[in-house]
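Student: Residue numbers (my numbering): 1185 to 1439.
For reference, the structure I am asking about is given below.
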């Protein structure tokens, strides 16, 4: 099995290093990742400057490619140029932090998995959900979940234009309660803009905000992770709200 790995935290992140080591037991791995953090880059692509890819050596002696592009660019570069022998599976992560609920609309990690699905590849995103800054991060738990999901997709391909979003709790592997296949929950932010002034008197701005989560809705990714499960959410590219097609059509017919 040939596996393309990327992320949005950058090629130097500990998450992608742990992931590529773990997935080598499943197949042949190629890493193509951003040369710097690209968190919350969404499904953006690079159109107005050239893309570059340079060889990058990990601390274990293995090699990958660092690019100046977005996570989505990395997938396209890998599939179209750098992985000339083909790719069976696209894996994005391990993200440093959760990608739950509505995070999917912002996440560069998830968008890379989406791009894999756009290209017709089996794809999933894997994230490590922790509660507080400064916690010991259990990347090995997320890596073990990634291996399990990769083995699953090797034997059972997904339907066209679909992918999996996987979130692992930040627990020792022995304390994880299992796997839960669940719906996308609700996770949004109370964003606000903080205005500051630079030494020259010009204003600049920082995005601030707190996470608002619905912890108590069973059957969702947020609930599963908070209760010690690895949450797996099947998703697809079709964003159509089918129940609204007929009502809106009928309203438009009215004078």
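Using N, Cα and C, we set each Cβ at its ideal position, and we do this for glycine too.
(1) To the nearest angstrom, how far is the alpha carbon of residue 1194 from that of residue 1402?
(2) In this structure, does DSSP put residue 1389 in helix, strand or coil?
(3) Mind listing, in chain order, the continuous beta strand (DSSP E) runs of no fewer than 3 residues lying wholly within the region 1187-1225?
(4) Taking buried to mean at least 16 other C-beta atoms within 10 Å of its own C-beta, is residue 1452 buried or exposed?
(5) Looking only at C-alpha atoms, which of 1228, 1252 and 1221 sits nearest to residue 1234?
(6) Could you give the residue range of the alpha helix (DSSP H) that holds residue 1293?
(7) Which value, in whole angstroms, describes the spacing of the CA atoms of residue 1241 and residue 1248?
(8) Around the C-beta of residue 1381, are 16 or more other C-beta atoms found within 10 angstroms, so that it is buried, or is it exposed?
(9) Across the region 1286-1297 and the region 1321-1328, are there enough close Cβ pairs to call them in contact, namely three or more that are closer than 8 angstroms?
(10) Inspect the beta-carbon positions of residue 1348 and residue 1418 and report whether they are closer than 7 angstroms.
(11) With DSSP as the reference, please indicate the residues paired to residue 1288 in a beta bridge.
(12) Could you tell me the alpha carbon to alpha carbon distance between residue 1246 and residue 1428, rounded to whole angstroms?
(13) Closest by CA to residue 1395, which one among 1409, 1236 and 1370?
(14) Pick from 1210, 1211 and 1221: whose alpha carbon is nearest that of residue 1198?
(15) Check whether the Cβ atoms of residue 1350 and residue 1206 lie closer than 7 angstroms to each other.
(16) Quick check: residue 1283 and residue 1311, are their CB atoms within less than 7 angstroms of each other?
(17) Less than 8 angstroms between the CB atoms is what I'm expecting for residue 1421 and residue 1340, so what's the real figure, rounded?
(18) Please name the residue or residues paired with residue 1347 in a DSSP beta bridge.
(19) Please confirm whether residue 1187 and residue 1213 have their CB atoms less than 7 angstroms apart.
Tutor: A quick look at the data gives this:
(1) Position 10 of the chain shown holds residue 1194. Position 218 of the chain shown holds residue 1402. Looking at the two C-alpha atoms, the distance is approximately 33 angstroms.
(2) In the chain shown, residue 1389 corresponds to position 205, counting from 1. Residue state, collapsed to three classes: strand.
(3) If we require 3 residues or more, the beta strand (DSSP E) runs fully inside the region 1187-1225 come out as 1212-1218.
(4) This structure cannot speak to residue 1452, because the chain is shown only from 1185 to 1439.
(5) Here residue 1234 corresponds to residue number 50 of the chain shown, with the count starting at 1. Its Cα nearest to that of residue 1234, the residue 1252 stands out among 1228, 1252 and 1221.
(6) Residue numbering aside, residue 1293 sits at position 109 when the chain shown is read from its first letter. Here the alpha helix (DSSP H) through residue 1293 covers 1292-1302.
(7) For this step, residue 1241 is matched to residue 57 along the chain shown. For this step, residue 1248 is matched to residue 64 along the chain shown. If you take the alpha carbons of residue 1241 and residue 1248, they lie about 6 angstroms apart.
(8) For the purposes of this step, residue 1381 is taken as residue 197 along the chain shown, with counting starting at 1. It is exposed - the Cβ of residue 1381 has fewer than 16 other Cβ atoms within 10 Å.
(9) Inter-segment contact for the region 1286-1297 and the region 1321-1328 is absent: fewer than three beta-carbon pairs are separated by less than 8 angstroms.
(10) As a position in the chain shown, residue 1348 is number 164, starting the count at 1. As a position in the chain shown, residue 1418 is number 234, starting the count at 1. In contact: residue 1348 and residue 1418 (Cβ atoms closer than 7 angstroms).
(11) Along the chain shown, one-based indexing puts residue 1288 at 104. Looking at the DSSP output, residue 1288 shares a beta bridge with no other residue.
(12) In the chain shown, the residue the question calls residue 1246 occupies position 62. In the chain shown, the residue the question calls residue 1428 occupies position 244. Roughly 51 angstroms separates the two Cα atoms.
(13) Against the chain shown, residue 1395 aligns to sequence position 211. Minimum Cα distance to residue 1395 is reached at 1370.
(14) For the purposes of this step, residue 1198 is taken as residue 14 along the chain shown, with counting starting at 1. Nearest option by C-alpha distance: 1221.
(15) Taking the first residue of the chain shown as position 1, residue 1350 is located at position 166. Taking the first residue of the chain shown as position 1, residue 1206 is located at position 22. Not closer than 7 angstroms, so no.
(16) Position 99 of the chain shown, counting from 1, holds the residue named residue 1283. Position 127 of the chain shown, counting from 1, holds the residue named residue 1311. Yes.
(17) Counting from one through the chain shown, the residue named residue 1421 turns up at place 237. Counting from one through the chain shown, the residue named residue 1340 turns up at place 156. About 19 angstroms separates the beta carbons of residue 1421 and residue 1340, which is beyond the 8 angstroms limit, so they are not a contact pair.
(18) Numbered from its first residue, the chain shown carries residue 1347 at position 163. Residue pairing by DSSP places residue 1347 opposite 1419 in a beta bridge.
(19) Your numbering for residue 1187 matches position 3 in the chain shown. Your numbering for residue 1213 matches position 29 in the chain shown. Note that the C-beta distance between residue 1187 and residue 1213 is below 7 angstroms.
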